[in-house]
Amino acid sequence: MENSIRTVLVTGCSTGIGRAAVVLLAERGFQVFAGVRNEQDAAEIKLLPGKITPLILDVTSDDDVNRAVATIRAASPQGLYALVNNAGIALPAAVELTTLDELRQLLEVNTVAPLRMIQACLPLLRETHGRIVNVSSMNGTMALPMVGAYSASKFALEALCDTLRVELRPWRVSVSLIRPGQVRTAIFDKARKAIAARLATMPTELRSGYEPMYERAAEFNERGAKSRTSPESVANAVLHVLTARRPRTHYHVGLDAHGVNLAKTHLPTRLVDRALARVMRMLKPLD
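In terms of the numbering used here, the sequence shown is residues 171 to 457.
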């Protein structure tokens, strides 16, 4: 199938990785459907060059997803070449201070929604022996302090992908995971505000234990905002999945993502725990 008739659906395209992926894929001749949350973002997408069609798409809404698939079916009778599940949310917080409703929301957006998209798009993907790309995280294989709930949602997404890779082999639909490290996007602006708000409302009796970790997390957040890894770097990984004859099952983007992968693969768990505790200023027990 020539690039000119390859149709791709990308979710979470308002900013960051999704927007960069849409721009790059359109430049390479793909017909792109870009999922966004509101009309303002859709209007911005329309100004981009190339074959890009914005879709109002809340990935947690069955109605939105069904409408998006119907629109793609009408515009692309040849089927869907690829689904890129990029939409997601994050939450910087200690596990103890994460509410169950917050955890449910993370799982709904980061785990349930990608599966909803996959199930809805599979009839179209089977027609092209297409490709599924799920944007996970370096936290999808190693749960670091302050992102335990977020990691839980990404661990679950990775488990679904491991199974889908095998289950979809009869239809030659491939499944690839992209694990970025810290990527220079607006997510760090949101995290900065969230960390400050949680510090201000932290229970007094827990401050001596958790406050140093939150302060350290704030420092790492500022480093992340200046990360050398750009959204375009992740977009290039997406492009590789869609153009390689045999796409890899896993892609790590960023030095930190490669570092986490090496630590997870080669270092004893207790050594990793101790190193993380030292980095987060949590090594010394409270009296």
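Here a beta-carbon is modelled for each residue, glycine too, at the ideal position from N, C-alpha and C.
As the structure is a computational prediction, the values presented were derived from the model and not from experiment.
Proximity to residue i [Cα-Cα], best of the options
i      : options                           : result
Val353 : Ser306, Ala244 and Arg286         : Ser306
Ala387 : Arg398, Arg368 and Ala405         : Arg368
Leu218 : Arg237, Val229, Ala196 and Leu225 : Ala196
Pro340 : Ala264, Leu295, Ile187 and Ala191 : Leu295
Arg377 : Gly205, Ile226, Asn391 and Glu266 : Glu266
Arg342 : Phe203, Gly300 and Arg440         : Gly300
Asp232 : Gly351, Ala263, Leu327 and Pro284 : Pro284
Pro417 : Pro262, Ile302, Glu381 and Gly351 : Ile302
Val235 : Asn208, Ile187, Cys291 and Ser246 : Cys291
Tyr380 : Leu330, Lys454, Leu327 and Ser246 : Lys454
Glu389 : Arg362, Glu328 and Asp271         : Arg362
Close beta carbons around residue i, own chain, < 8 Å, minus the five adjacent residues each side
i      : result
Glu297 : Gln248, Gly249 and Leu250
Val449 : Arg386
Phe325 : Gly310, Thr311 and Ala313
Val192 : Val180, Cys183, Val202, Ala204, Ile215, Leu218 and Ile222
Arg444 : Leu453
Through-space distance from residue j to residue i, alpha-carbon basis
i      : j      : result
Tyr320 : Thr413 : 30 Å
Ala213 : Val411 : 28 Å
Ile215 : Glu375 : 48 Å
Gly220 : Leu194 : 10 Å
Arg189 : Ser397 : 18 Å
Pro164 : Leu437 : The shown model of the chain, from 171 to 457, leaves out residue 164, and the question about it has no answer.
Gly205 : Leu456 : 48 Å
Gly394 : Ser403 : 15 Å
Thr399 : Gly424 : 6 Å
Val345 : Met287 : 13 Å
Asn304 : Met372 : 34 Å
Thr269 : Ala370 : 16 Å
Val229 : Arg274 : 15 Å
Glu172 : Asp271 : Any reading at Glu172 must be qualified, since the residue scores a pLDDT of 44, below 50, and its modelled position is unreliable; the value itself is stated next. For Glu172 and Asp271, the distance between alpha carbons rounds to 45 Å.
Check: residue i C-beta below 7 Å from any heavy atom of the ligand GTP
i      : result
Arg198 : The ligand content of the structure shown is nil, which means the ligand GTP is not present either.
Contacting residues, own chain, Cβ-Cβ under 6 Å from residue i (five flanking each side not counted)
i      : result
Asp211 : Ser184
His420 : Leu347
Met452 : Met383
Val317 : Asn309
Ser323 : Leu276, Leu277, Asn280 and Thr281
Gln201 : Thr177 and Lys221
Ala264 : Tyr380
Contact set for residue i: own chain, Cβ-Cβ below 7 Å, skip 5 residues either direction
i      : result
Ala366 : none
Touching or not, the segment 253-272 and the segment 175-186, by the rule of three or more beta carbon pairs under 8 Å?
-> The answer is yes - the segment 175-186 touches the segment 253-272, with three or more Cβ pairs under 8 Å.
Entirely enclosed beta strand (DSSP E) segments - the segment 327-369, minimum 3 residues | Those beta strand (DSSP E) runs which fall completely within the segment 327-369 and span 3+ residues are 344-350.
Cβ contact check for the segment 328-341 and the segment 398-412: 3 or more pairs under 8 Å = Segments in contact, no.
Residue ranges of each beta strand (DSSP E) run of no fewer than 3 residues wholly in the segment 213-274, ordered along the chain?
-> 222-226 and 252-255
Determine contact between the segment 430-437 and the segment 358-373, defined as no fewer than three beta-carbon pairs at a distance below 8 Å.
-> Taking 8 Å as the limit for Cβ pairs, the verdict is that the segment 358-373 does not touch the segment 430-437.
Which whole runs of the alpha helix (DSSP H) in the segment 390-434 are 4 residues long or more, in chain order?
-> 401-413
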